[in-house]
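Some notes on the structure that comes next.
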Amino acid sequence: MKILQIDSSVLGGHSASRSLTAKVVADQRAKHPEATLTVRDLDLDAPAHLSGALLPVLGGPKDLNAVQEAELQRTEAFLKEFLEADVLVVGVPQYNFGIPSQLKSWIDRIAQAGRTFKYTETGPVGLAGGKRVIVVSSRGGVRQDANALDLHEQTVDVVFRFLGITDITYVRAHGLAMGPEAREASLVAANGAVAALAA
Ligand SMILES: Cc1cc2nc3c(=O)[nH]c(=O)nc-3n(C[C@H](O)[C@H](O)[C@H](O)COP(=O)(O)O)c2cc1C
Numbered sequence: 001m002k003i004l005q006i007d008s009s010v011l012g013g014h015s016a017s018r019s020l021t022a023k024v025v026a027d028q029r030a031k032h033p034e035a036t037l038t039v040r041d042l043d044l045d046a047p048a049h050l051s052g053a054l055l056p057v058l059g060g061p062k063d064l065n066a067v068q069e070a071e072l073q074r075t076e077a078f079l080k081e082f083l084e085a086d087v088l089v090v091g092v093p094q095y096n097f098g099i100p101s102q103l104k105s106w107i108d109r110i111a112q113a114g115r116t117f118k119y120t121e122t123g124p125v126g127l128a129g130g131k132r133v134i135v136v137s138s139r140g141g142v143r144q145d146a147n148a149l150d151l152h153e154q155t156v157d158v159v160f161r162f163l164g165i166t167d168i169t170y171v172r173a174h175g176l177a178m179g180p181e182a183r184e185a186s187l188v189a190a191n192g193a194v195a196a197l198a199a
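Just so you know, we're using full-length UniProt numbering here: the sequence shown kicks off at 1 and counts up by one.
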């Protein structure tokens, strides 16, 4: 079994999502001692934003310069890790309503036609199914509509489903900036949700 942990919070040791992804992964490893773990810290080592200069990295003309070649290698590593993972544990904080731009850059590398999805006459088909995704969703506020996903959750939900993944679990730590008591209660609940996942 292969576990891929992806963290994208910029808050380092103060990050709620990082502490929770670490706990989810520790639980998974306790349950599956044979599992291998790959950790991608997208804050420490952020993929460059997609740009015209980097388009060839996504399968365009293959006359690459040194920078493009390095980014191609990195993109291929992201793809390999993602495709091989049985369990993906991903920290998804809400920053300015959406996902951190580092995480968007990672998505821009792995969402590739012919690699992780394909177009067919009847519509797009995901090629990365069969894995479990555990999303740790953190935010300072709380969503107004209890029945709707927040935009950061919607984004990763749409992307992972598009890539063929249907087994998606959400662990939420929301209301983290709504005062110390609300933060504490949110973290206690989120840790409880993590513990329940492992049970
Ligand atoms: C740059 C930035 C933008 C943020 N934007 C939002 C936001 O739009 N909505 C929200 O509820 N919280 C927002 N927050 C609060 C974070 O979601 C909160 O700090 C949460 O703990 C982030 O998860 P993390 O601790 O894992 O980084 C923002 C925080 C930062 C640093």
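All C-beta atoms in this analysis are idealised placements derived from N, C-alpha and C, irrespective of residue type, glycine included.
8 Å Cβ cutoff met for residue i and residue j
i	j	result
Val57	Gln5	no
Ser17	Pro93	yes
Ala24	Leu197	Checking the sequence shown, residue 24 turns out to be Val, not Ala. Yes, the Cβ-Cβ distance between Val24 and Leu197 is below 8 Å.
Val194	Asp27	yes
Ser8	Leu103	yes
Ile99	His152	yes
Ala35	Arg29	yes
Ser138	Leu176	yes
Ala48	Leu54	yes
Pro124	Phe82	no
Ala111	Val159	yes
Leu20	Ala173	yes
Ile3	Ala85	yes
Gly59	Phe117	no
Ile168	Val135	yes
Any non-hydrogen atom of ligand 1 within 7 Å of residue i CB
i	result
Phe117	no
Tyr95	yes
residue 210	The structure shown does not extend to residue 210, since the chain is modelled only from 1 through 199, so no value can be given for it.
Ala182	no
Ser186	no
Ala16	yes
Leu58	no
Arg139	yes
Gly13	no
Ser9	yes
Gly91	yes
According to DSSP, residues forming a beta bridge with residue i
i	result
residue 200	Nothing in the structure corresponds to residue 200, since the chain is present only between 1 and 199.
Pro100	In the DSSP output, where bridge partners are listed per residue, Pro100 has none listed.
Leu58	Answer is none; Leu58 lacks a bridge partner.
residue 205	The first residue shown for the chain is 1 and the last is 199, placing residue 205 beyond what the model contains.
Asp157	According to DSSP, which records beta bridges pairwise, Asp157 is partnered with nothing at all.
Gln5	Val39, Val89
Residue interval of the alpha helix (DSSP H) (run including residue i)
i	result
Pro33	No alpha helix (DSSP H) contains Pro33, which DSSP labels as neither H nor E.
Leu187	180–198
Gln94	Counting along the chain, Gln94 falls outside any alpha helix (DSSP H), and DSSP gives it neither H nor E.
Arg74	66–84
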